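*Asks:*
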Ligand SMILES: [Zn+2]
């Protein structure tokens with residue numbers, strides 16, 4: 004957690020009010036504010052939304068897709084942890100729908116950033132997982148799924164423009180010298196993705 008303390012400090016984010024969940028590959032989404040942030044920190048879940056300043060929101064990943072959503076007009080932010088399970092449960096779509104419902108976010112003002120994750124080059128899965136998805140292919144008898152495109156589709160389906168979606172396309176497994184990859188390092192660490200208003 005030393006890295007985290009430094010990263011937040013370097014980005015002028017308040018570590019005391021920073022919120023991140025006990026991630027469980029589910030689709031539980033929480034709205035955070037100054038009154039509830041302490042209790043939210045103790046919750047199990049995989050997405051956070053706030054429209055309050057000074058509450059940094061974070062997710063930790065090491066192959067799963069870390070996602071940031073921003074409504075630039077109403078000033079609402081969200082972070083989403085989306086591995087294959089979260090992707091299958093459409094947690095990204097549900098998070099944006101919650102922003103629309105609770106904060107009146109308009110799709111034209113929403114921007115989505117998909118951070119470093121295990122990419123199509125490396126995300127090999129079993130037959131059961133393979134069968135759940137659309138963006139996939141078989142190579143040399145192995146099954147691969149594209150989590151970036153699966154998540155992008157959820158955003159496009161909500162009517163958000165292609166131009167508002169930014170995919171880092173940095174594979175954590177191929178770039179293991181730069182990023183933690185669960186498939187390479189197993190349990191050594193996580194990439195923290197934070198945003199604050
Ligand atoms: Zn790769």
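Residue numbers (my numbering): 4 to 200.
Even glycine gets a Cβ: it sits at the ideal position worked out from N, Cα and C.
Everything numeric in this text was worked out from a predicted model, so none of it was measured.
(1) On the DSSP bridge list, what partners appear for residue 195?
(2) What three-state label does DSSP hand residue 140 in the structure shown?
(3) Given a cut-off of 7 Å on the beta-carbon distance, is the pair residue 79 and residue 102 in contact?
(4) Do you know how far the Cα of residue 130 is from the Cα of residue 144?
(5) Drop a sphere of 10 angstroms on the beta-carbon of residue 124, count the other beta-carbons inside from all chains shown, and report buried for 16 or more, exposed for fewer.
(6) Going by DSSP in three states, residue 204 sits in which element: helix, strand or coil?
(7) Quick one: grab the DSSP three-state call for residue 84.
(8) Compute every distance between the C-beta of residue 176 and the non-hydrogen atoms of ligand 1, then say whether any falls below 6 Å.
(9) DSSP state of residue 187, grouped into three classes?
(10) Report the CB separation of residue 128 from residue 87 in whole angstroms; it is logged as a contact under 8 Å.
(11) Check each candidate in 73, 50, 63 and 74 and name the one with the smallest Cα separation from residue 6.
(12) Could you say which of 180, 104 and 97 lies nearest to residue 70 if we only look at CA atoms?
(13) Residue 117 bridges to which residues according to DSSP?
(14) Verify the contact flag: residue 65, CB atom, against every heavy atom of ligand 1, threshold strictly below 6 Å.
(15) Do residue 90 and residue 153 have their CB atoms nearer than 7 Å?
(16) Quick check: the Cα distance between residue 160 and residue 83, rounded to an integer number of angstroms?
(17) Is the CB-CB distance between residue 21 and residue 184 below 7 Å?
(18) Count the other C-beta atoms from every protein chain shown that fall within 10 angstroms of the C-beta of residue 181, then say buried if there are 16 or more, exposed otherwise.
(19) Quick check: the Cα distance between residue 169 and residue 81, rounded to an integer number of angstroms?
*Replies:* Taking the coordinates as given:
(1) Position 192 of the chain shown holds residue 195. In the DSSP output, where bridge partners are listed per residue, residue 195 has 63.
(2) Residue 140 sits at position 137 when you count from the first residue of the chain shown. In the three-state DSSP reduction, residue 140 falls in the strand class (E or B).
(3) Here residue 79 refers to the residue found at position 76 of the chain shown. Here residue 102 refers to the residue found at position 99 of the chain shown. Going by C-beta atoms, residue 79 is nearer than 7 Å to residue 102.
(4) By one-based count along the chain shown, residue 144 stands at place 141. By one-based count along the chain shown, residue 130 stands at place 127. The alpha-carbon atoms of residue 144 and residue 130 are separated by roughly 11 Å.
(5) For the purposes of this step, residue 124 is identified with residue 121 of the chain shown, where counting begins at 1. Classification of residue 124: exposed, given that the 10 Å Cβ count is below 16.
(6) Because residue 204 is not part of the residues shown, which for the chain are 4 to 200, the question remains open.
(7) Against the chain shown, residue 84 aligns to sequence position 81. The answer is strand: DSSP assigns residue 84 an E or B state.
(8) Along the chain shown, read from residue 1 onward, the residue named residue 176 stands at position 173. Yes, the beta carbon of residue 176 sits closer than 6 Å to at least one heavy atom of ligand 1.
(9) Position 184 of the chain shown holds residue 187. Per DSSP, reduced to three states, the secondary structure at residue 187 is helical.
(10) By 1-based counting over the chain shown, the position of residue 128 is 125. By 1-based counting over the chain shown, the position of residue 87 is 84. Under the criterion of beta carbons closer than 8 Å, residue 128 and residue 87 qualify as touching, at roughly 7 Å.
(11) Your numbering for residue 6 matches position 3 in the chain shown. For residue 6, the nearest C-alpha among the options comes from 63.
(12) Taking the first residue of the chain shown as position 1, residue 70 is located at position 67. Looking at the Cα atoms, 97 is the closest of the given residues.
(13) As a position in the chain shown, residue 117 is number 114, starting the count at 1. As computed with DSSP, residue 117 is found in a beta bridge with 70 and 170.
(14) Here residue 65 refers to the residue found at position 62 when the chain shown is read from its first residue. At a threshold of 6 Å, residue 65 does not count as near ligand 1, since its beta carbon sits no closer than that to any of the ligand's heavy atoms.
(15) Reading the chain shown from its first residue, position 87 is the one you call residue 90. Reading the chain shown from its first residue, position 150 is the one you call residue 153. Yes, the pair counts as a contact, with Cβ atoms nearer than the cut-off.
(16) Looking up residue 160 in the chain shown gives position 157. Looking up residue 83 in the chain shown gives position 80. Whole-angstrom Cα-Cα distance: 17 Å.
(17) Counting from one through the chain shown, the residue named residue 21 turns up at place 18. Counting from one through the chain shown, the residue named residue 184 turns up at place 181. No; because the gap between Cβ atoms is not below 7 Å, this pair is not in contact.
(18) By one-based count along the chain shown, residue 181 stands at place 178. Exposed, since its Cβ has fewer than 16 Cβ neighbours within 10 Å.
(19) By one-based count along the chain shown, residue 169 stands at place 166. By one-based count along the chain shown, residue 81 stands at place 78. About 15 Å.
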